[in-house]
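Read through the structure below, which is laid out as structure tokens, and then see the notes.
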Amino acid sequence: MAEQIIPKLEWRGVSKRFDGPPVLADLDLAVAPGRSLVIIGGSGQGKSVTIKIALGLIPADSGQVLIDGVDVASFSAAERAQVFERVGMLFQGGALFDSLSVWENVAFRLINAERMPRREARARALEVLGLVRLGAHVADLYPSELSGGMQKRVGLARAIIGQPDIIFFDEPTTGLDPITASAINALIRDRVSSLGCTAVSITHDLASARTIADEIAMLHQGRIVWRGGAHELDTTDNPYVRQFVDGRANGPINADV
Amino acid sequence: MAARPDSEVALAARVLSPVTAIGEATLEIAASIGRVALFAAKATRAALTPRWYFGQIGRQLSAIGFLSLPVVGMTAAFTGAALALNIWTGGSRFNAEEAMPQIVAIGITRELGPVMAALMLAGRVSAAIASEIGAMKATEQIDAMVTLSTDPFRYLIAPRMLAAVIMLPLLTLLADIIGIAGGWLVGVRVLDMSPAIYIQNTWDFLQDWDVESGLIKAAVFGFIVALMGCYNGYVAKGGARGVGRATTQAVVSSAILILAADYLLTSLFTRI
Ligand SMILES: Nc1ncnc2c1ncn2[C@@H]1O[C@H](COP(=O)(O)OP(=O)(O)OP(=O)(O)O)[C@@H](O)[C@H]1O
Ligand SMILES: [Mg+2]
Numbered sequence: 003m004a005e006q007i008i009p010k011l012e013w014r015g016v017s018k019r020f021d022g023p024p025v026l027a028d029l030d031l032a033v034a035p036g037r038s039l040v041i042i043g044g045s046g047q048g049k050s051v052t053i054k055i056a057l058g059l060i061p062a063d064s065g066q067v068l069i070d071g072v073d074v075a076s077f078s079a080a081e082r083a084q085v086f087e088r089v090g091m092l093f094q095g096g097a098l099f100d101s102l103s104v105w106e107n108v109a110f111r112l113i114n115a116e117r118m119p120r121r122e123a124r125a126r127a128l129e130v131l132g133l134v135r136l137g138a139h140v141a142d143l144y145p146s147e148l149s150g151g152m153q154k155r156v157g158l159a160r161a162i163i164g165q166p167d168i169i170f171f172d173e174p175t176t177g178l179d180p181i182t183a184s185a186i187n188a189l190i191r192d193r194v195s196s197l198g199c200t201a202v203s204i205t206h207d208l209a210s211a212r213t214i215a216d217e218i219a220m221l222h223q224g225r226i227v228w229r230g231g232a233h234e235l236d237t238t239d240n241p242y243v244r245q246f247v248d249g250r251a252n253g254p255i256n257a258d259v
Numbered sequence: 002m003a004a005r006p007d008s009e010v011a012l013a014a015r016v017l018s019p020v021t022a023i024g025e026a027t028l029e030i031a032a033s034i035g036r037v038a039l040f041a042a043k044a045t046r047a048a049l050t051p052r053w054y055f056g057q058i059g060r061q062l063s064a065i066g067f068l069s070l071p072v073v074g075m076t077a078a079f080t081g082a083a084l085a086l087n088i089w090t091g092g093s094r095f096n097a098e099e100a101m102p103q104i105v106a107i108g109i110t111r112e113l114g115p116v117m118a119a120l121m122l123a124g125r126v127s128a129a130i131a132s133e134i135g136a137m138k139a140t141e142q143i144d145a146m147v148t149l150s151t152d153p154f155r156y157l158i159a160p161r162m163l164a165a166v167i168m169l170p171l172l173t174l175l176a177d178i179i180g181i182a183g184g185w186l187v188g189v190r191v192l193d194m195s196p197a198i199y200i201q202n203t204w205d206f207l208q209d210w211d212v213e214s215g216l217i218k219a220a221v222f223g224f225i226v227a228l229m230g231c232y233n234g235y236v237a238k239g240g241a242r243g244v245g246r247a248t249t250q251a252v253v254s255s256a257i258l259i260l261a262a263d264y265l266l267t268s269l270f271t272r273i
């Protein structure tokens, strides 16, 4: 094992509960720089929470999140801001600003955090919209005027625009037709392979997982129950993964609930 | 007989339960005052230090100020007119009806102008802010903003606070003028007073401080209106229902706080 590589991002002993049973129980997970990790797992198992904890949007009850080996909690406000300037996030629900047009959504970081002039920011936004297969005609529409799949792609464009180091994708292909979905998969793959981004994605779409992932981790009952290379998804005899991949109603996942 | 200690305990619990409830309620109130104060401190810091999003500030100045003009103007006109009638009737009981213009002027500038304008904004602006920010919270737009390296306190909260603190005094000045004009109209048209003398009386009598103290009140009320809107929206939980609750809460709490602050400020100013 090449353990000498410092992970780009690491969850170390992270626990979280809301009112009810724990969502994450001592979760350990790491991604090496320039690799693509896909998290799979049943609905409501805490995949989105895992990502939001890494982004600092939800506080963990205990445990650490490390970026480049440094505990995020030890950062000063300025260091934090600097690190998170290079982090992108696609929210599961899109989370587009409904008072802003599509291009202003996509260029939000450029205009408001990087102070890029609006003309230039608009040109960049149009470029990135092209990458997610949206034409210039949608640029001046508002999010409420778009279909669900279009909104998702606008969210995706917004997540990748600032040349981020780490990108989180929460269900990037849900609600997309197969052709658009494979284009999006290719785009995510390209961010990792060509631009050297580290990507953490959540998906229920196993075809997508096989394309995007270098590695896959399965989250169940607040822990990682399996972790392996993308190709191992179909060969492993881990009962959780088998049940999940085969989509059987009966198995360890059912029995645990 | 054996049941007696039990029932005594039950009785004690029943008798004491309002006390416990009051204790819990007091703790809860203290905690929420703490949370509001912390929020207010963060909002104030964001409003007074760079970076400022001038585009957002401009947008809020127009949304809070310009679009409130008709509401505030009409409220002031009717209030001034009704006040004039009431004071005339009341004053006539001891032959003091001729002092009506002065009393209307002082009532409007020191009290009713700022309070009525603020209460209108509590309904219009505080509710709008709470529902907008609450909806953004519910749909993760505020989280998204954070991931885009933009501080929601600077981008969303500070512009609303600044706009309300700037615009409410201006709206109050307008309410003062329109309110006095309403009184004048009643005086001239209904009560047959001389138009020129009415204005003369008002103008000679009114002191700068009457107007200024009202404007200071208005700035404080503007702070309250924006703060209650932003705070209740920001802490809203539970989707559309939560946003609805936050909106009601914003209106009710800002109205009560405005009236409480009005009394405090008035007692402070009248001591000067
Ligand atoms: N803000 C919150 N407040 C309370 N409970 C929450 C909150 N966010 C998530 N949860 C709870 O945490 C659990 C995990 O939620 P999460 O959104 O991470 O699931 P998920 O694995 O992403 O599921 P899905 O695949 O359906 O998106 C759920 O039981 C949910 O009810
Ligand atoms: Mg999720």
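Chains as they are written, first to last, in our numbering: chain A, 3 to 259; chain B, 2 to 273. No residue lacks a Cβ here, since even glycine has one placed at the ideal position from N, Cα and C.
Measuring from the CB of A:Ser196, is there a heavy atom of ligand 1 at a distance below 7 Å? Here residue 196 of chain A corresponds to residue number 194 of the first sequence, with the count starting at 1. Result no, Cβ not under 7 Å from ligand 1.
Does any CB atom of chain B fall closer than 8 Å to the CB of A:Met118? One-based indexing of the first sequence puts residue 118 of chain A at position 116. Cβ-Cβ to chain B under 8 Å: no for A:Met118.
Does any heavy atom of ligand 2 sit closer than 7 Å to the C-beta of B:Gln57? As a first step, residue 57 of chain B is located in the second sequence; it is residue number 56 there, counting from the start. Not under cutoff, so the answer is no.
Which residues in the same chain as A:Pro24 place their Cβ atom closer than 8 Å to its Cβ, once the five residues preceding and following it in sequence are excluded? Along the first sequence, read from residue 1 onward, the residue named residue 24 of chain A stands at position 22. Result list for A:Pro24: Ser17, Lys18, Gly224, in chain order.
So does A:Ile204 have its beta carbon nearer than 7 Å to some heavy atom of ligand 2? Start at 1 with the first residue of the first sequence, and residue 204 of chain A comes out as number 202. At least one heavy atom of ligand 2 is nearer than 7 Å to the Cβ of A:Ile204, so yes.
In the DSSP assignment, find the unbroken alpha helix (DSSP H) run with B:Ser214 in it and report its ends. Position 213 of the second sequence, counted from the start, is the residue given in the question as residue 214 of chain B. Counting along the chain, the alpha helix (DSSP H) containing B:Ser214 begins and ends at 209-235.
Just the Cα atoms here: how many angstroms apart are B:Arg125 and B:Ile181? The residue given as residue 125 of chain B occupies position 124 in the second sequence. The residue given as residue 181 of chain B occupies position 180 in the second sequence. Each residue's Cα considered, the two are about 23 Å apart.
Close-in-space but distant-in-sequence residues of the same chain around B:Phe40 (CB under 6 Å, 5 per side omitted): The residue labelled residue 40 of chain B in the question sits at position 39 within the second sequence. Correct list, in chain order: Tyr232.
Of the choices B:Leu265, B:Asp263, B:Ala227, B:Ile259, whose alpha-carbon is the least far from that of B:Thr248? For this step, residue 248 of chain B is matched to residue 247 along the second sequence. The candidate whose alpha carbon is nearest that of B:Thr248 is B:Ala227.
Cutting at 7 Å between CB atoms, please list the residues of its own chain near B:Asn280, excluding the five before and the five after it. No answer is possible for residue 280 of chain B: it lies beyond the span of chain B, which begins at 2 and ends at 273.
At a cut-off of 7 Å, would you count B:Phe40 as near ligand 1, judging by its Cβ distance to the nearest heavy atom? Stepping through the second sequence from its first residue, residue 40 of chain B is reached at position 39. For ligand 1, not one heavy atom lies less than 7 Å from the Cβ of B:Phe40.
So the alpha helix (DSSP H) B:Ala256 belongs to, where does it begin and stop? Looking up residue 256 of chain B in the second sequence gives position 255. Taken as a continuous stretch (DSSP letters only), the alpha helix (DSSP H) holding B:Ala256 covers 240-272.
Assuming B:Met117 and B:Thr80 make a contact with CB atoms under 8 Å, what is their CB distance in whole Å? Counting from one through the second sequence, the residue named residue 117 of chain B turns up at place 116. Counting from one through the second sequence, the residue named residue 80 of chain B turns up at place 79. Confirmed, about 6 Å.
Under 8 Å between C-beta atoms, does A:Gly177 make it to chain B? By 1-based counting over the first sequence, the position of residue 177 of chain A is 175. Not an interface residue.
What does the alpha-carbon distance come out to for the pair B:Leu35 and B:Glu29? To locate residue 35 of chain B, count along the second sequence from 1; it is residue 34. To locate residue 29 of chain B, count along the second sequence from 1; it is residue 28. Residue 35 of chain B is actually Gly in this sequence, not Leu. Approximately 10 Å, taken between the alpha carbons.
Starting from the Cα of A:Ala215, find the closest Cα among A:His222, A:Cys199, A:Val227 and give me that residue. Residue mapping note: residue 215 of chain A aligns to position 213 of the first sequence, counting from 1. Answer by Cα proximity: A:Cys199.
Determine whether the Cβ of B:Gln61 lies closer than 8 Å to any Cβ atom of chain A. For this step, residue 61 of chain B is matched to residue 60 along the second sequence. Closer than 8 Å: no.
Mind pulling the chain B residues with CB within less than 7 Å of A:Arg111? By 1-based counting over the first sequence, the position of residue 111 of chain A is 109. Per Cβ cutoff of 7 Å: Leu149, Ser150.
Alpha carbon to alpha carbon, how far is B:Ala165 from A:Gln245? Locating residue 165 of chain B in the second sequence gives position 164, where the first residue counts as 1. Locating residue 245 of chain A in the first sequence gives position 243, where the first residue counts as 1. Taking the straight line from one Cα to the other gives about 58 Å.
Using a Cβ-Cβ distance under 8 Å, would B:Tyr264 count as near chain A? For the purposes of this step, residue 264 of chain B is taken as the residue at position 263 of the second sequence. At a cut-off of 8 Å between beta carbons, B:Tyr264 makes no contact with chain A.
Please give me, in chain order, every unbroken run of the alpha helix (DSSP H) with length at least 4 that falls completely inside the region 168-218 of chain A. 180-195, 208-214
In the DSSP assignment, find the beta strand (DSSP E) that holds A:Glu12 and state where it starts and stops. Position 10 of the first sequence, counted from the first residue, corresponds to residue 12 of chain A. Taken as a continuous stretch (DSSP letters only), the beta strand (DSSP E) holding A:Glu12 covers 11-19.
What does DSSP give as the partner residue(s) for A:Leu39 in the beta ladder? Your numbering for residue 39 of chain A matches position 37 in the first sequence. Answer is A:Val202, A:Glu217, bridged to A:Leu39.
Taking the C-alpha atoms as reference points, what is the distance between A:His222 and A:Arg229? On the first sequence, position 220 is the one that residue 222 of chain A refers to. On the first sequence, position 227 is the one that residue 229 of chain A refers to. Straight-line Cα distance between these residues: approximately 12 Å.
Interfacial residues, the region 123-146 of chain A to chain B, with Cβ spacing under 8 Å: none
Own chain partners of A:Val259 with C-beta closer than 7 Å, once the 5 adjacent residues on each side are dropped: As a position in the first sequence, residue 259 of chain A is number 257, starting the count at 1. Summary for A:Val259: the model assigns pLDDT 48, below 50, so the residue's position carries little reliability; its value from the coordinates is reported in the next sentence. The answer is none, since no qualifying residue turns up.
Measuring only between beta-carbons, confirm whether A:Leu59 sits less than 8 Å from chain B. Reading the first sequence from its first residue, position 57 is the one you call residue 59 of chain A. Chain B, which has a Cβ nearer than 8 Å to the Cβ of A:Leu59, makes this yes.
Contained alpha helix (DSSP H) runs [length at least 4] in the region 51-87 of chain B, N- to C-terminal order: 55-61
C-beta neighbour in chain B for A:Val89, strict 8 Å: One-based indexing of the first sequence puts residue 89 of chain A at position 87. Closer than 8 Å: yes.
Take the Cβ of B:Ile198 as the centre, count every other Cβ of all protein chains shown within 10 Å, and call the residue buried at 16 or more, exposed below. Working through the second sequence from its first residue, we reach residue 198 of chain B at position 197. With fewer than 16 other Cβ atoms within 10 Å, it is exposed.
Confirm, please, whether the CB-CB distance from B:Ala139 to B:Val236 is below 8 Å. Indexing the second sequence from 1 puts residue 236 of chain B at position 235. Indexing the second sequence from 1 puts residue 139 of chain B at position 138. Result no, Cβ atoms of B:Val236 and B:Ala139 do not sit closer than 8 Å.
Could you have a look at B:Arg125 and say whether DSSP puts it in helix, strand or coil? Sequence index remark: in the second sequence, residue 125 of chain B carries index 124 (1-based). DSSP places B:Arg125 in helix when its eight states are reduced to three.
So is B:Ala48 in contact with chain A if we call contact Cβ pairs under 8 Å? For the purposes of this step, residue 48 of chain B is identified with residue 47 of the second sequence, where counting begins at 1. Not one chain A Cβ lies under 8 Å of B:Ala48.
Inter-residue spacing [alpha-carbon to alpha-carbon] between A:Met3 and B:Ala145: Against the first sequence, residue 3 of chain A aligns to sequence position 1. Against the second sequence, residue 145 of chain B aligns to sequence position 144. Residue placement at A:Met3 is poorly supported in this model, since its pLDDT is 48, which falls under 50; the coordinates still yield a value, given next. About 36 Å.
Distance check for A:Val51 and B:Leu172, CA to CA, integer angstroms please. Counted from its first residue, the second sequence places residue 172 of chain B at position 171. Counted from its first residue, the first sequence places residue 51 of chain A at position 49. Answer to the nearest angstrom: the Cα atoms are 45 Å apart.
Members of the region 132-143 of chain B near chain A, C-beta cut-off 7 Å: Thr140, Glu141, Gln142
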